[in-house]
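Residue numbers (the working numbering), protein chains in the order written: chain B, 1 to 348; chain H, 1001 to 1348; chain W, 2001 to 2348.
All residues carry an ideal CB built from backbone N, CA and C; glycine is no exception.
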Amino acid sequence: MISAQQIHEIPSEVLKYIHGPLGAKALKILPPECANAEAVVFVSKQAQLDSALKHNASIVIAHKDLQIPEKSHACFFTTPHIQLAVATVAALFDKKIQRFQQEEHIHPRSFIHASALLGKNVIVGSGAVIGAETHIGDGSIIGANSVIETHARVGSNTIIHPLVFLGAYCEVGSFCEIHPHTTIGADGFGFVPLKTSHPIKIPQLGRVVIGDHVEIGSNCAIDRAAMTETHIHSGTKLDNLCHIAHNCEIGENSLIAAGFMMAGSSKLGKNFVVGGGAVVSDHVEVSDNVMVAGLSGVTNDITESGQYGGYPLQPLKDSLKTIATMIHLTKMRKQLSRIIKHLNLSED
Amino acid sequence: MISAQQIHEIPSEVLKYIHGPLGAKALKILPPECANAEAVVFVSKQAQLDSALKHNASIVIAHKDLQIPEKSHACFFTTPHIQLAVATVAALFDKKIQRFQQEEHIHPRSFIHASALLGKNVIVGSGAVIGAETHIGDGSIIGANSVIETHARVGSNTIIHPLVFLGAYCEVGSFCEIHPHTTIGADGFGFVPLKTSHPIKIPQLGRVVIGDHVEIGSNCAIDRAAMTETHIHSGTKLDNLCHIAHNCEIGENSLIAAGFMMAGSSKLGKNFVVGGGAVVSDHVEVSDNVMVAGLSGVTNDITESGQYGGYPLQPLKDSLKTIATMIHLTKMRKQLSRIIKHLNLSED
Amino acid sequence: MISAQQIHEIPSEVLKYIHGPLGAKALKILPPECANAEAVVFVSKQAQLDSALKHNASIVIAHKDLQIPEKSHACFFTTPHIQLAVATVAALFDKKIQRFQQEEHIHPRSFIHASALLGKNVIVGSGAVIGAETHIGDGSIIGANSVIETHARVGSNTIIHPLVFLGAYCEVGSFCEIHPHTTIGADGFGFVPLKTSHPIKIPQLGRVVIGDHVEIGSNCAIDRAAMTETHIHSGTKLDNLCHIAHNCEIGENSLIAAGFMMAGSSKLGKNFVVGGGAVVSDHVEVSDNVMVAGLSGVTNDITESGQYGGYPLQPLKDSLKTIATMIHLTKMRKQLSRIIKHLNLSED
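Written as structure tokens, this is what we have:
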């Protein structure tokens, strides 16, 4: 249950109070057409606003360009940025932190090496294993059955969900969130093929460094570098089932959808945005502010910011045309055949 | 070791006893050409039947249209549905449940919150963590080192294998099976990109609801909804390494091969069948009884039942032609060049 | 810290001592341009050698064809195979084994069934679960929170990293390494679709057998066979997020990049090499010594050794041309249109 008063305390760049009862309460965020007297509703069109009022919404947050009624039972706020308003208000309903609350901050069934350094208010779940010489910053959470190997570091206010692996010497910054079954710091894939024996392993001596405010989805694999560091810079968000190979670097504030795979030693600039299932080859460099469509294959450097797509990669506009043309391929081949016959040319 | 008598107890719609010793025993299911006197063998062709007999098979299960010999040492059954007969008889050999047997039903090294409600005959493996206010139904198994967060629910007779994550408030039905390293109920991928800061997280307040008789392979990621529910309906089976994003819905009795990825808020109808490595974009709706070939990309609604394939998606027949034509692309380009020269046309 | 003396002890087929102080020490392997007085440096070009000397490298390992200076402060070795030399020397710096050292070999928070047989010097991490009737060979490591089910076997000198699942009756050989969140021996995907009910499971009664010197990356899924064995032969290396379905076989000394997916009952020969994100259909057979480019789809048997790529698969050279031609598709369609108009032909 949240109150309009709590919303009122959000900075006014995000949400501005207009009028109505600040004592109004809400149990849920609901879409305008499903609203009820215990709902907060976000509206960016006049019809949505009418619907919210008709359904008796308790708290209405409207885009600032809408016409707000002078009188109504609802408590009204406006915002210049609906999505940001949603994110901010939804945070008031978020009870995630309660999942980790337990009788004792350090669960008696966890194992923490004597040389580990834990900050204030660190929570360690049942079965979690925290190795020698590790540092865990203030207010961070290590979920149940997660494994933090020796010399690894976690900043402050970071959530390591249950069943996460953080390898030796690797670092995760502050205000991060790492979801279950993600592997940070397994070995990179480096082998010397030989004719006379099985391939020989190149020991992977580097580590992974992850900045602040980074979120990594579930079931991802981020490999440690061969010699140096695999680096995911601050503010970057990865979805589920992503693979980041050894020595890679991902610039700040990037948004990477599910199933992304990035081969070794490639480097992505800041604000990289990519759709699902895209792939980047090894030793590729991508400049800042690049957007790549889902299912694309980036096999060469991208030196100019802009939107791209396809495999091989093209400017997005061209790529959409190429993909759309694909379904005409059979017909095109028949047309060619007819023309060749018509002109009495040879096939080859 | 099973006996022909046990097979005789299977309902006669599946398997009908013909003749032979009901005391016959078998240790294994073997292909006809590898049969021996301790084997049960399934045959759908006359040559297989001859081979099974030549190899002295102990129990023979033949398609009902085959000619059964009037005399032989083997015990004979017929079936109208060989695959279903295999599934039914193989179940008699299945010793999976023994993997979970332990001295005490509740392993002393598990952690179960005092407020958790466990049904009759629940087995909880070593290191499993079961949070506050959870319900686990009768006869269900929570594998070693799995984590069931607060308020989650598991129906009856469900197997949660080891190392599974089931997030807070999420539900798995009855008679389900969830394989290792699968994540159910991690956060969906929702962020507001901003010019002045790192992307801001939209808290994911919803949950995952999974019906009855659902099987989910290993290393899958099923995200909780942003506000409402991600829903996998009863009878649906997912293979390994699948990604189901927030707010998705998958209809009943669907069969989804490995590496399937489904972006946010999409909805698949009943009896959806899809090959490996296929992808569905966000906000796509697919009607009932649709089959999509592997490696396809579904980027638009499918409103008619039928078979489809390719990227962009086409009716399956057309898609197979398109894919087959691909290898002629280089030659087609050369032919075009020649024609253009021949006709004295310009290239553009 | 390693010394030139330790390098001197490496077999001379790999590294040959030339001259210089065998007491020279090094803390790190560094590239020539970043070398310092505590670095070992590998050089395969004259300019790199000059750079290493200029930066005062402590130990220099040069390709045998380079001209070694007669005098310098550095300790010099030559090698016929730079990559192999890197792998061999890097192994001297590898401290991985220290991650697993703990006060007691068998961590007091692990659970080992009384009937499990553990060899000499086996290390078992906190929270690891080792089931009944298992065998773990001499010198092997079972990482924290890993689960080894009943009757499974692990050879000698194998590292099972933390959070690995090894299913009942499955086998991993000697000198193997299995990375976190990998699932070995979950059920294969086998169901009988029925019109009158949800799909019926075909119990998966087989197992997984993994040879010696096999490495499997993180977050992979290797399914047990339906009746027999899924087999990964000795010397084969898999990268992260690979899916190997039931009944598959992968030949010796294969190198398989991330995201590889292989559907049921397929068989790859020896020395198979494949780039990232490639896919093999079910029931496909691939002969020895085949190389397949990343993002390819192998849907038919490959009967001759060689290099291939694309989907549909072509010889690699042709496939590269096909892919390169893709970006001309839109233009080709326009050209065709123009020609058809020019010739007064009909579109169809």
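Is there a C-beta anywhere in chain B that falls below 8 Å from the one on Ile1010 (chain H)? Chain B contact via Cβ: absent.
Starting from the beta carbon of Ile2340 (chain W), find every residue of chain B whose beta carbon is closer than 9 Å, and list them in chain order. Neighbourhood of Ile2340 (chain W) in chain B, by CB distance below 9 Å: Gln335, Arg338 and Ile339, in chain order.
Coil, strand or helix - Pro32 (chain B) by DSSP: It is helical.
With a threshold of 8 Å between beta-carbons, can Ala1087 (chain H) be considered close to chain W, or not? Yes, because at least one Cβ of chain W sits closer than 8 Å to the Cβ of Ala1087 (chain H).
For a quick check, are the C-beta atoms of Ser287 (chain B) and Ser266 (chain B) less than 8 Å apart? Contact: no.
Taking Ile2106 (chain W) as the reference, which of W:Phe2093, W:Val2214 and W:Ala2144 has the closest Cα? Checked all of W:Phe2093, W:Val2214 and W:Ala2144; the closest Cα to Ile2106 (chain W) is W:Ala2144.
Using CA atoms only, rank isn't needed, just tell me which of W:Asn2121, W:Ala2039 and W:Gly2020 is closest to Gln2102 (chain W). Minimum Cα distance to Gln2102 (chain W) is reached at W:Asn2121.
Residues of its chain near Val2129 (chain W), where Cβ-Cβ distance is below 6 Å and the 5 sequence neighbours each way are ignored: So the list reads Phe2111 and Val2147, once near-sequence residues are dropped.
With DSSP as the reference, identify every bridge partner of Glu2249 (chain W), one or two as the case may be. Within the DSSP secondary-structure output, Glu2249 (chain W) pairs in a beta bridge with W:His2231 and W:Lys2267.
So, is Ala1087 (chain H) buried or exposed, given that buried needs 16 or more other C-beta atoms within 10 angstroms? With 16 or more other Cβ atoms within 10 Å, it is buried.
Check whether the Cβ of Ala257 (chain B) lies closer than 8 Å to any Cβ atom in chain H. Residue-level contact check: Ala257 (chain B) touches chain H, since one or more beta carbons of chain H fall below 8 Å from its beta carbon.
Run through DSSP, which three-state label would Phe93 (chain B) get? Per DSSP, reduced to three states, the secondary structure at Phe93 (chain B) is helical.
Gly2217 (chain W) and Gly2173 (chain W) look like a contact to me (Cβ under 8 Å); what is the Cβ gap, rounded to whole Å? In this structure Gly2217 (chain W) does not touch Gly2173 (chain W) by the C-beta definition: roughly 17 Å separates them, more than the 8 Å allowed.
Assign Lys2071 (chain W) to one of three DSSP states: helix, strand, or coil. Reduced to three states, the DSSP call for Lys2071 (chain W) is coil.
Beta-carbon proximity check, Ala2035 (chain W) vs Asn2056 (chain W), cutoff 8 Å: Going by C-beta atoms, Ala2035 (chain W) is nearer than 8 Å to Asn2056 (chain W).
Is there at least one non-hydrogen atom of the ligand COA closer than 7 Å to the beta-carbon of Phe111 (chain B)? Within the structure as shown, the ligand COA is missing, as the structure has no ligands at all.
Taking only the alpha-carbon atoms, compute the straight-line gap between Arg224 (chain B) and Glu177 (chain B) and give it to the nearest angstrom. As the crow flies, the alpha-carbon of Arg224 (chain B) is around 19 Å from that of Glu177 (chain B).
Coarse secondary structure for Val86 (chain B), derived from DSSP in three states: Residue state, collapsed to three classes: helix.
Just confirm the distance between the C-beta atoms of Leu241 (chain B) and Gly259 (chain B), as a whole number of angstroms; I'd bet it's less than 8 Å. The pair is a contact, with the Cβ atoms about 5 Å apart (cut-off 8 Å).
Measure the Cβ-Cβ separation of Val41 (chain B) and Leu30 (chain B) and say whether it is below 8 Å. Cβ distance < 8 Å, so Val41 (chain B) and Leu30 (chain B) count as in contact.
Excluding the 5 residues flanking Tyr308 (chain B) on each side, which residues of the same chain have their C-beta closer than 8 Å to its C-beta? Excluding sequence neighbours, Tyr308 (chain B) sits near Val290, Met291, Val292, Ala293, Ser296, Val298, Ile302, Gln314, Pro315, Leu316 and Ser319.
Enclosing alpha helix (DSSP H) for Arg1338 (chain H) [first to last residue]: Note, Arg1338 (chain H): alpha helix (DSSP H), Leu1329 to His1342.
Nonlocal neighbours in the same chain, by C-beta distance under 7 Å from Gly2127 (chain W), ignoring five residues either side: Beyond the five residues adjoining it in sequence on each side, Gly2127 (chain W) comes within less than 7 Å, by CB distance, of Arg2109, Ser2110, Ala2144 and Asn2145 in the same chain, given in chain order.
Please confirm if Ala2186 (chain W) has its CB atom under 8 Å from at least one CB of chain H. Residue contact with chain H for Ala2186 (chain W): present (Cβ-Cβ distance below 8 Å to some residue of chain H).
How long is the line joining the alpha carbons of Thr325 (chain B) and Leu1268 (chain H), rounded to whole angstroms? Taken atom to atom, the span from the alpha-carbon of Thr325 (chain B) to that of Leu1268 (chain H) is near 27 Å.
Looking at the unbroken alpha helix (DSSP H) that takes in Val2007 (chain W), where does it start and where does it end? The question names Val, but residue 2007 (chain W) is Ile in the sequence shown. In the DSSP assignment, Ile2007 (chain W) falls within the alpha helix (DSSP H) that extends over Ala2004 to His2008.
Which residues does DSSP pair with Gly2297 (chain W) in a beta bridge? Among the bridge pairs identified by DSSP, Gly2297 (chain W) is matched with W:Val2279.
Between the Cα of Ser140 (chain B) and the Cα atoms of B:Ile97, B:Thr182 and B:His181, which residue gives the shortest distance? The shortest Cα separation from Ser140 (chain B) among B:Ile97, B:Thr182 and B:His181 belongs to B:Ile97.
Under a Cβ-count criterion, where at least 16 other Cβ atoms within 10 Å of its own Cβ denotes burial, should Gln2048 (chain W) be classed as buried or exposed? The residue in question, Gln2048 (chain W), is buried, as its Cβ has 16 or more Cβ neighbours within 10 Å.
List the DSSP bridge partners of Thr2325 (chain W). Thr2325 (chain W) pairs with nothing; no bridge assigned.
Across which residues does DSSP place Gly1185 (chain H) in a beta bridge pair? According to DSSP, Gly1185 (chain H) bridges with nothing at all.
Just by C-beta distance, which residues in the stretch 2138-2162 of chain W are closer than 7 Å to chain C? Absent from the structure is chain C; the protein chains it does hold are B, H and W.
Delimiting residues of the alpha helix (DSSP H) encompassing Gln48 (chain B): In this chain, the alpha helix (DSSP H) harbouring Gln48 (chain B) covers Gln46 to Lys54.
Can the beta-carbon of Lys2237 (chain W) be found less than 8 Å from the beta-carbon of Phe165 (chain B)? Contact flag unset, no.
Quick one: what does DSSP say Leu320 (chain B) is sitting in, helix, strand or coil? Three-state result, Leu320 (chain B): helix.
Could you tell me the distance, in whole angstroms, from the CA atom of Thr2158 (chain W) to the CA atom of Asp2138 (chain W)? Taking the Cα positions, Thr2158 (chain W) is about 9 Å away from Asp2138 (chain W).
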